[in-house]
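J.: Start counting the sequence shown at 28; every next residue gets the next number (my numbering). Every residue gets a Cβ at the ideal spot worked out from N, C-alpha and C, and that includes glycine. Computed from a predicted model, the values in this text were never measured in an experiment.
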Amino acid sequence: MAAVASNFSFPAVSFPDAAWTAESAQTARAHPQPSAYRALDLELPNGGWPASVLIELLLAQPDIGELRLLAPTLTRLTQEGKTVILLAPAHISAALSDLGLDKNHLILIEADKPMDRIWAVEQAVKNVHFGALLCWLPEARPDHLRRLQLMAATNDGLTFVFRPLEAQNQSSPAPLRMLCQPAADGRMSVEIIKRRGPVHCKPIVLPLSVPAIIHRPRVARSLSSPAFEMPSYTIAHSALAATAARHRAALPV
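#1: Quick check: does the Cβ of Gln197 come within less than 6 Å of any heavy atom belonging to the ligand MG?
#2: Quick one: Cα of Ile231 to Cα of Leu84, how far?
#3: Considering only C-alpha positions, which residue in the set Phe187, His171, Glu137 and Pro165 is nearest to Phe157?
#4: Just mark Gln106 as buried or exposed, buried being the case when its beta carbon has 16 or more other beta carbons within 10 Å.
#5: Using CA atoms only, rank isn't needed, just tell me which of Ala167, Val148, Pro169 and Arg168 is closest to Ala11.
#6: Measure the C-alpha to C-alpha separation of Leu71 and Ile136 and round it to an integer number of angstroms.
#7: Pull up the CB-CB distance for Glu177 and Leu114, whole angstroms please, since I reckon it's below 8 Å.
#8: How far does the alpha helix (DSSP H) with Val188 in it reach, from first residue to last?
#9: Since Leu233 and Leu67 should fall inside the 8 Å C-beta cutoff, what is the C-beta to C-beta distance between them, to a whole number of angstroms?
#10: Please name the residue in Arg168, Pro89 and Leu126 whose C-alpha comes closest to that of Arg144.
#11: Considering only the beta carbon of each residue, do Pro191 and Pro165 sit closer than 7 Å?
#12: Could you give the distance in angstroms between the alpha-carbon of Pro141 and the alpha-carbon of Leu175?
#13: Taking only runs of the alpha helix (DSSP H) that begin and end inside the region 142 to 207, which ones reach a length of at least 4 residues, in chain order?
#14: Have a look at the DSSP bridge pairing and note the partners of Gln88.
#15: Is the beta carbon of Leu172 sitting closer than 7 Å to the one on Pro200?
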């Protein structure tokens, strides 16, 4: 059910049992998570999605299948009892369960203003041990991403940041950056433009095997139905005003 956090604080939120504070997480780094696409895993560092770093997916447009691309990994994580957080998605889907994700380990966080999104994702990375964090940050600046990369290094989960394709020419600290564009027959073209190791030369066209999602406008209550229900939190802008102001003042210009 949807809840409005008037003074939002991650440690105070009732997360599922699989979400622990970062202080209690294992200090050892998690192994890379396979993507379930053999052609992609052959190109990803160490054969899978790397943990403890920013993974930047640059989208030709929102909702081209980014959740379908990640669905095998996210499904496996939720089935293992690990929490998946969706932060400020461009759209949410009433058909998330069709992807195989366990709704008991999904959390949706709503934040409309850019600084609210940055604040929320930083709090998640710093204070919550998660399986995967997916955040849509179209207006993030390079200095925001640098802070997030430093924080991601302290968390052993997967941290995905979705940004527009136009951001490919901007500076980014993310060790893994990928261009994602729609291809024929419901497939996706993925081009790795930055990774640790040799340069990737050509795009990979992946068949997205799970069904396409029926998207609906991004409102928290669209998921609060008997068919599919997961925790949803809306960050109150008034409660964050002072925090956001201090955050902006602390950021380098």
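T.: Here's the rundown:
#1: Of the ligands one can find in the structure shown there are none, so the ligand MG has no counterpart to examine.
#2: So the alpha carbons of these two residues sit roughly 14 Å apart.
#3: For the residues Phe187, His171, Glu137 and Pro165, the minimum Cα distance to Phe157 belongs to Phe187.
#4: Gln106 is exposed by the Cβ-count criterion.
#5: Any answer about residue 11 is impossible in this case: the structure gives the chain only from 28 up to 280.
#6: Computed Cα separation, rounded: 29 Å.
#7: Checking the displayed sequence, the identity of residue 177 turns out to be Leu instead of Glu. In fact, because the Cβ distance is near 18 Å, the residues do not count as touching under 8 Å.
#8: Unbroken run through Val188 is the beta strand (DSSP E), Leu185 to Pro191; no alpha helix (DSSP H).
#9: Here Leu233 really is in contact with Leu67; their C-beta atoms are around 6 Å apart, less than 8 Å.
#10: The alpha carbon of Arg144 has as its nearest neighbour, out of Arg168, Pro89 and Leu126, the alpha carbon of Arg168.
#11: Yes, the pair counts as a contact, with Cβ atoms nearer than the cut-off.
#12: Answer to the nearest angstrom: the Cα atoms are 14 Å apart.
#13: Segments of the alpha helix (DSSP H) lying fully in the region 142 to 207: 169 to 179.
#14: BP columns for Gln88 are empty, so no partner.
#15: Going by C-beta atoms, Leu172 is nearer than 7 Å to Pro200.
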